[in-house]
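Worksheet for the structure shown next.
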Amino acid sequence: MRISNKIIDEVVKEVAGEDVIALVTLIKNKKNISEFKIAEMMNVNVNVIRNMLYRLYNHNLVSFVRKKDKKKGWYIYYWTFIIKRVGTLLEDIKKKKIDKLQERLERERGNFFFSCQNGCIRLDFEKAMDYGFKCPECGSLMQQEDNAKKIKEIEDEIKKL
Ligand SMILES: [Zn+2]
């Protein structure tokens, strides 16, 4: 599968947070960039950059090498974005989404739903009964809903994924 920029952004946002997209854009086509260099390029404190890099590292989206700075005596970390990993993560994300949709689908198929005509609320049979089939918001009588359309929508979404 070809990994487009759009897919990279999507996956990074999903697993590490939207704020990390800019950092990834900066380093994804380079190798072994020092965190100080990244901080300088982004004009952000190096601790903020490290926090972002750790979030990526938690999902194996970056690797690092460290080298001792001879003058200062401390270690500097050099980071590389692992594009290969994006494909695997994308599959994981899709699988999780499908599982969630499947759960919703079962709930829709296995329950009757009642909704308020004024659009206040939608409840399953049991909850609607608790309220005597009256909308808890506006008091009007709730109607049983035909959820065939909703079921179809969820099915389509699963197919798309
Ligand atoms: Zn209502």
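The sequence shown begins at 0 in numbering that gives the first Met the number 0 and counts up by one.
Where is the CB? At the ideal position from N, CA and C, for every residue including glycine.
Runs of beta strand (DSSP E) lying entirely within the segment 50-106, each at least 3 residues, in chain order: 61-67 and 74-80
Span separating the alpha-carbon of V85 from that of L55: 11 Å
Where does E136 sit, in a helix, a strand or coil, going by DSSP? coil
Between which two residues does the beta strand (DSSP E) containing E144 stretch? For E144, the enclosing beta strand (DSSP E) has its first and last residue at M141 to E144.
I need the DSSP call for L122, collapsed to helix, strand or coil. strand
If I follow the unbroken alpha helix (DSSP H) through F112, where does it start and stop? Looking at the DSSP string, F112 is not in any alpha helix (DSSP H); the run it does join, the beta strand (DSSP E), is F112 to C115.
From E17 to I153, what distance separates their C-alpha atoms? 26 Å
CA-CA distance, F111 and N146? 8 Å
Return the first residue and the last residue of the alpha helix (DSSP H) that K5 is part of. N4 to A15
Please go through the same chain and pick out, in chain order, the residues whose beta-carbon is closer than 8 Å to the beta-carbon of I82, but skip the five residues on each side of it. If the five residues before and after I82 are omitted, its C-beta is found closer than 8 Å to the C-beta atoms of I2, I7 and K27, all from its own chain and listed in chain order.
Are the segment 99-117 and the segment 126-136 touching, with three or more C-beta to C-beta distances below 8 Å? yes
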